[in-house]
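Only one structure is covered here, and it is reproduced in the block below.
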Amino acid sequence: MTDLPTKTDRTLGLVIDLDTCVGCHACVISCKGWNTENYGAPLSDQRPYGTEPMGTFLNRVHSYEVQPEQGNAQTVHFPKSCLHCENAPCVTVCPTGASYKRVEDGIVLVNEDHCIGCGLCAWACPYGARELDQAEGVMKKCTLCVDRIYNENLPKEDQIPSCVRTCPAGARHFGDLSDPNSDVSQLVESRGGFDLMPEMGTLPVNKYLPPRLKDSWDDQSLLAPLLEPVAEEPKGFLGWLDNALDKLPGGTA
Amino acid sequence: MHPAPSVIVFSTLSGLGFGLLFWLGIDANPPTGLAAFIFFAIAFALAVGGLLSSTFHLGHPERAWRALSQWRSSWLSREGVSAILALLCMGIYAIDLIFLQIHATALGLIGAALSLFTVFTTSMIYAQLDTVPRWKTPLTPALYLSFSLAGGALLSGRVNFAILLLVIAAICQFIWWQRGDVALSDSGTDLGTATGLGERGTVRSMAHPHTAPNYLVKEFIFVIGRKHAQKLRRIAFGLTFVLPIICLLLPFSHVLAIIAVFSHIAGVATSRWLFFAEAEHVVGLYYGAR
Numbered sequence: 040m041t042d043l044p045t046k047t048d049r050t051l052g053l054v055i056d057l058d059t060c061v062g063c064h065a066c067v068i069s070c071k072g073w074n075t076e077n078y079g080a081p082l083s084d085q086r087p088y089g090t091e092p093m094g095t096f097l098n099r100v101h102s103y104e105v106q107p108e109q110g111n112a113q114t115v116h117f118p119k120s121c122l123h124c125e126n127a128p129c130v131t132v133c134p135t136g137a138s139y140k141r142v143e144d145g146i147v148l149v150n151e152d153h154c155i156g157c158g159l160c161a162w163a164c165p166y167g168a169r170e171l172d173q174a175e176g177v178m179k180k181c182t183l184c185v186d187r188i189y190n191e192n193l194p195k196e197d198q199i200p201s202c203v204r205t206c207p208a209g210a211r212h213f214g215d216l217s218d219p220n221s222d223v224s225q226l227v228e229s230r231g232g233f234d235l236m237p238e239m240g241t242l243p244v245n246k247y248l249p250p251r252l253k254d255s256w257d258d259q260s261l262l263a264p265l266l267e268p269v270a271e272e273p274k275g276f277l278g279w280l281d282n283a284l285d286k287l288p289g290g291t292a
Numbered sequence: 029m030h031p032a033p034s035v036i037v038f039s040t041l042s043g044l045g046f047g048l049l050f051w052l053g054i055d056a057n058p059p060t061g062l063a064a065f066i067f068f069a070i071a072f073a074l075a076v077g078g079l080l081s082s083t084f085h086l087g088h089p090e091r092a093w094r095a096l097s098q099w100r101s102s103w104l105s106r107e108g109v110s111a112i113l114a115l116l117c118m119g120i121y122a123i124d125l126i127f128l129q130i131h132a133t134a135l136g137l138i139g140a141a142l143s144l145f146t147v148f149t150t151s152m153i154y155a156q157l158d159t160v161p162r163w164k165t166p167l168t169p170a171l172y173l174s175f176s177l178a179g180g181a182l183l184s185g186r187v188n189f190a191i192l193l194l195v196i197a198a199i200c201q202f203i204w205w206q207r208g209d210v211a212l213s214d215s216g217t218d219l220g221t222a223t224g225l226g227e228r229g230t231v232r233s234m235a236h237p238h239t240a241p242n243y244l245v246k247e248f249i250f251v252i253g254r255k256h257a258q259k260l261r262r263i264a265f266g267l268t269f270v271l272p273i274i275c276l277l278l279p280f281s282h283v284l285a286i287i288a289v290f291s292h293i294a295g296v297a298t299s300r301w302l303f304f305a306e307a308e309h310v311v312g313l314y315y316g317a318r
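Residue numbers (the numbering used here), protein chains in the order written: chain A, 40 to 292; chain B, 29 to 318.
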């Protein structure tokens, strides 16, 4: 059924810290690896070693430059995957009911056995979060690693999405955004998390944390007093040793 | 948007076919026997041929029947259901006229309404998309319906209606183009809102996530066609409206009628190609394109 649930029990999603992301693409690779070997059809590649290689990925990292009116430009690495929107337009346009949003946790999924590969859901998504697999002819998208987060065969620390588990910078966070006391909700609250393209009315679940403003070279560092040069002239025992060694024949350095 | 040939063929042909079925359905004195057979054969060939063509761009055409299930929420599903109901009604109506010389008036009217509704559902598949500001307007259904009605009138030989409706469709097309050219900038969506970084400064795409084009780039960022868009618009306008109207205003001859019909079909196909080729999907913004 492609009607959206009016309310979900939980609202699982990601919080992505644009201040911390270093643009290493490790999340992209771990996502591709996990999701090729697990849930649904593998993520195919076309001409992987030829010219114009392309393939299906559920997570992509863009890089942007933000030039303020005054001052230096800032580089922002920008990971982008399905935002598991509360008002997901990809779900309601689906003619077969293959796309759906789960009532229990709000994850947007594709039933690949029912997908006819018409591509309309990808047209309806403003974020480019869905890619039609060129080999399988079905729509692929982020599952929030639904086959990890409830998988009790995995160690506890691995029961989170692959991208979150992998991020070496700790720029990705996973949790229940409907719970105001969850870590992710607290992060969004304290850091001013925001939505992508709010004007589209999609009500994305995933939130982005803004990059912090750059330090200025003119600012006085807190550590500066601790970095005063050490005494030019040695004192005490070292001073005596210095003098004594100077007096020995053999020249100085 | 990538102008997939199968979708252009579909929307051009089935629009004309359902337009012709509409006029045949509301006809107070419809053709019977062989004449009816020829008219309905053309209408069904266009409508069904278009529908079949549209299945060619599916990843899994064998599952297309599943698309009939979600009519409560999906315009694409409604299109499938409506098309089948329209073809069923008009099929029985046609058999009555061709073989039994019976004019089932009510059935014809229901079939005509369903035919027109099918064209409306096609247009709503595009007009519902917030992601393509050029399409997101009530003018899109107006464009599709006026094209279908005009083409149907032309194919069914209704000269006066055809001229009037071609003029109306031409006006719709002109306004649709004018509005479309500012739709993306008027929508307020840009790379600033897409990244949420717009308030901090000017955002510029510095590096794409991948070095070669992927599905998203191929499907949503089609800029080749825009180079000749203005010329193609003039060609489409001339072929769809101007030449057929001139042919219809001249004293009737079958040659002129055939020229008018083929000119119109070629023009509609060109217009539909531009409909996709010129359309900007907001995903392009993430790639610093439009």
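C-beta: ideal position from N, C-alpha, C; glycine also.
C-beta neighbour in chain A for residue i, strict 8 Å
i      : result
B:T223 : yes
B:T159 : yes
B:P166 : no
B:P241 : yes
B:Y314 : yes
B:Q98  : yes
B:E247 : yes
B:H256 : no
B:G78  : no
B:G139 : no
B:G216 : yes
B:R228 : yes
Residue from the options whose Cα sits closest to the Cα of residue i
i      : options                           : result
B:D218 : B:Y243, B:I293, B:L171 and B:Y315 : B:Y315
A:D56  : A:H212, A:P273, A:L242 and A:G275 : A:H212
B:W163 : B:A317, B:F304 and B:L313         : B:F304
B:Q258 : B:W205, B:S213 and B:R91          : B:W205
B:G43  : B:L183, B:L276, B:I123 and B:A198 : B:L183
A:Q173 : B:H88, B:L135 and B:S102          : B:H88
B:L171 : B:L41, B:S151, B:N188 and B:G180  : B:S151
A:Q109 : A:C206, A:I155 and A:K253         : A:K253
B:H309 : B:V245, B:R228 and B:G266         : B:V245
A:P243 : A:Q225, A:Q198 and A:H123         : A:H123
B:H236 : A:G52, A:S102, A:P44 and A:V147   : A:S102
A:H153 : A:N126, A:P165, A:Y139 and A:I146 : A:Y139
A:M293 : B:A211, B:C200, B:D158 and B:A264 : Summary: the structure shown does not reach residue 293 of chain A, with chain A confined to residues 40 through 292, and so no result is reported for it.
B:S83  : B:I66, B:S39 and B:P59            : A small fix is needed here, since residue 83 of chain B is Thr in this sequence, not Ser. Checked all of B:I66, B:S39 and B:P59; the closest Cα to B:T83 is B:S39.
Partner residues on chain B for residue i, Cβ-Cβ distance less than 8 Å
i      : result
A:Y103 : L219, T223, L225, V231, R232, S233 and M234
A:H153 : R91 and R94
A:P44  : By Cβ distance, chain B contributes nothing, its closest Cβ being about 12 Å from A:P44, past 8 Å.
Under 9 Å by beta carbon: chain B residues contacting residue i
i      : result
A:K180 : Simply none; closest approach about 12 Å.
A:P92  : H238, T239 and A240
A:T114 : M234
Partner residues on chain A for residue i, Cβ-Cβ distance less than 9 Å
i      : result
B:F169 : One point to set straight first is that residue 169 of chain B is Pro, not Phe, in the sequence displayed. Here the premise fails: no neighbours, minimum Cβ distance about 16 Å.
B:P31  : Neighbours of B:P31 on chain A: none; closest Cβ ~13 Å, over 9 Å.
B:S34  : Correct list: empty, because the minimum Cβ distance to chain A is about 11 Å.
Contacts that residue i makes with chain A (C-beta to C-beta distance below 8 Å)
i      : result
B:L212 : Per Cβ cutoff of 8 Å: no residues; B:L212 is ~12 Å from chain A at best.
B:V311 : C164, P165, Y166 and G167
B:L86  : I155, G156, C157 and G176
Chain B contact for residue i (CB, 8 Å cutoff)
i      : result
A:P81  : no
A:G176 : yes
A:P128 : yes
A:Y247 : yes
A:G136 : yes
A:T47  : no
A:G76  : For clarity, residue 76 of chain A is Glu in the given sequence; the question names Gly instead. No, A:E76 does not count as interfacial toward chain B.
A:E125 : no
A:P200 : no
A:L87  : The sequence shown places Pro at residue 87 of chain A, rather than the Leu named in the question. Output row for A:P87: interface = no.
A:E108 : yes
A:A161 : yes
A:Q173 : yes
Chain A residues whose Cβ lies nearer than 7 Å to that of residue i
i      : result
B:L244 : G167 and E170
B:S102 : T41, T131, V132, C133 and P134
Amino acids of chain B, ordered along the chain, whose beta-carbon sits closer than 7 Å to that of residue i
i      : result
A:D58  : Going along chain B, no residue has its Cβ under 7 Å from A:D58, so there is no contact; the nearest lies around 12 Å.
A:F117 : T223
A:V100 : P237
Worksheet item: Unbroken beta strand (DSSP E) runs of length 3 or more, entirely within the stretch 201-231 of chain A: which are they?
Response: 211-215
Worksheet item: Name the residues in the stretch 37-55 of chain B whose C-beta lies less than 8 Å from a C-beta of chain A; which are they?
Response: Taken residue by residue, none of the stretch 37-55 of chain B has a beta-carbon sitting less than 8 Å from a beta-carbon on chain A.
Fill in: Start-end ranges of the beta strand (DSSP E) lying completely within the stretch 82-128 of chain A, minimum 3 residues
You should have 98-106 and 113-120.
Practice prompt. Only counting runs of 4 or more residues, tell me where the alpha helix (DSSP H) segments fall wholly within the stretch 211-295 of chain B, in order along the chain.
Written response: 219-223, 243-248, 257-265 and 271-277, all fully within the stretch 211-295 of chain B.
Discussion item. Can you pull out the residues from the stretch 104-129 of chain B whose beta carbon lies closer than 9 Å to at least one beta carbon of chain A?
Written reply: L104, S105, R106, E107 and G108
Worksheet item: What residue ranges within the stretch 159-206 of chain B form continuous alpha helix (DSSP H) runs of no fewer than 4 residues, ordered along the chain?
Response: 167-183
Item to complete: Can you give me, in chain order, the residues of the stretch 216-248 of chain A that have a beta carbon less than 9 Å from any beta carbon in chain B?
Response: So the close ones are F233, D234, L235, M236, P237, E238, M239, G240, T241 and Y247.
Fill in: Those runs of the alpha helix (DSSP H) which lie wholly inside the stretch 149-188 of chain A and span at least 4 residues
159-163 and 185-188
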